[in-house]
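Numbering (my numbering), first residue to last: 429 to 781.
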């Protein structure tokens, strides 16, 4: 482990639960000079030391934000995990096109020395012949069906390509297990929030989670320490899906397997099952990742077990994000003002007194 404390950090997806928690941790570190949070939507919390910039990472103008900020570290968390949030077109554009634009801007930057990219253990897939644990060097055995998994695999490909073009930059890819906790809003949390949770009759797979606090801690360590490579970020072990549903205080609604397999092939049927497409195979076959590389290289032991994460999901009311719709003209005006202000600050620093 090598600690090269960053001076200026830029976080994409600052308004999402992981971005909010990471920003709080970074803000408490007085040795970090500047923290810039980028998102189209303003965060639901206020910060003392985090400068918020409303910007769309898909837009070429974003490169001006990166250039003006002189960031040495970029934490890319602005990944949409579900079509339910923005629709498939927006999801694809934000995840894939947004990542391409971000990495292109990073490649041109002479100040960048570290990039951390959020990914998911869903890249391993969920199949009946899968191994008991997936290690980072393993690859999936089937063609991905869920849009989130396809996007994540493309994101990782672009990230690795960036790493080859900029070998001087420390590139870290974090593959998170399903994140759960008190403020999380994702496909699995919505699935567990139903009074009667659909399951596949005759199947009780092992599922794995990571508590949102542990997810934020792992991301924080990736930001302030140098850990090049790919890491599974997950709690120890796994739990049967039936036990997770009981711990969430919900009942099961078993569905005949043929209906599930049909829905897996015909996406239009999935709303009738109330199962997000991103997890439909996971609730049949499960998925467990080996977290030993993370624990060894990060020196980090997750504080929360899988059941702890489910318990916290159940007991605490999830914070609601305040979403205000802004026009493109509004955020582009804010973006230009940010760039001009940073340029003026730099000129002032260079002016002899």
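Ideal Cβ placement from N, Cα and C applies to all residues, glycine included.
Just the Cα atoms here: how many angstroms apart are residue 753 and residue 523? Confidence in residue 753 is poor, its pLDDT being 44 and thus under 50, which makes the residue's placement unreliable; the coordinate value appears in the next sentence. Roughly 20 Å separates the two Cα atoms.
Since residue 471 and residue 442 should fall inside the 8 Å C-beta cutoff, what is the C-beta to C-beta distance between them, to a whole number of angstroms? 6 Å
Assigned exposure category for residue 776 - 16 Cβ within 10 Å defines buried: exposed
Determine the burial state of residue 593: buried for a count of at least 16 other Cβ atoms within 10 Å of its Cβ, exposed for fewer. exposed
Going by the beta-carbon positions, is the gap between residue 552 and residue 568 smaller than 8 Å? yes
Using CA atoms only, rank isn't needed, just tell me which of 688, 655 and 476 is closest to residue 456. 476
Straight-line Cα distance separating residue 769 from residue 621: 44 Å
Cβ-based burial, residue 771 [other Cβ within 10 Å; buried from 16]: exposed
Tell me, please, which residues DSSP counts as bridged to residue 504. 440 and 545
Within this structure, are the beta carbons of residue 704 and residue 615 separated by less than 8 Å? yes
Using 10 angstroms around the beta-carbon of residue 624, count the other beta-carbons present and answer buried if the total reaches 16, otherwise exposed. exposed
Distance between beta carbons of residue 503 and residue 450, contact taken as under 8 Å: 7 Å
Proximity to residue 562 [Cα-Cα], best of 672, 437, 665 and 671: 665
CB contact flag (residue 554, residue 732, <8 Å): no
For the candidate residues 589, 597, 637 and 576, whose alpha-carbon lies nearest to that of residue 612? 637
To the nearest angstrom, report how far apart residue 629 and residue 675 are at their CA atoms. 19 Å
Does the distance from the CB of residue 669 to the CB of residue 606 come in under 8 Å? no
Residues that DSSP places opposite residue 680 in a beta bridge: 625
Separation of residue 550 from residue 516, as counted between CA atoms: 18 Å
Should residue 645 go down as buried or exposed, given a rule of 16 or more other Cβ atoms within 10 Å for buried? buried
Exposure of residue 560, with buried meaning 16 or more beta-carbon neighbours within 10 Å: exposed
Going along the chain, which residues of its own chain have a beta-carbon closer than 6 Å to the beta-carbon of residue 678, five neighbours each way excluded? 625
Looking only at its chain, what residues have a beta carbon closer than 6 Å to the beta carbon of residue 762, apart from the 5 residues adjacent to it on each side? 482
What does a CB cutoff of less than 7 Å around residue 533 pick up in its chain, not counting 5 residues either side in sequence? 490, 491 and 494
Please classify residue 460: does DSSP put it in a helix, a strand, or coil? coil
Please state if the CB of residue 734 and the CB of residue 654 are separated by a distance shorter than 8 Å. no
Reference residue 660; option with closest CA among 541, 486, 717 and 710: 717
Relative to the alpha-carbon of residue 711, which residue among 466, 461, 683 and 601 has its alpha-carbon at the smallest distance? 683
Determine the contact status of residue 436 and residue 496, defining contact as a CB-CB distance below 8 Å. no
Beta-carbon within less than 8 Å of residue 461's beta-carbon, same chain only, minus the 5 sequence neighbours each way: which residues are those? 435 and 436
Rounded to the nearest angstrom, what separates residue 643 and residue 604 at their Cα positions? 7 Å
Which whole-angstrom value describes the C-beta separation of residue 580 and residue 531, a residue pair presumed to lie in contact below a C-beta threshold of 8 Å? Between residue 531 and residue 580 the Cβ distance is about 15 Å, and since that is not below 8 Å, they are no contact.
Can you find the residues in the same chain that come closer than 8 Å, C-beta to C-beta, to residue 374, ignoring five residues on each side of it along the sequence? Absent from the structure is residue 374, since the part of the chain shown begins at 429 and ends at 781.
Burial state of residue 518, where buried means 16 or more other Cβ atoms lie within 10 Å: exposed
Can you tell me which residues form a DSSP beta bridge with residue 634? 668
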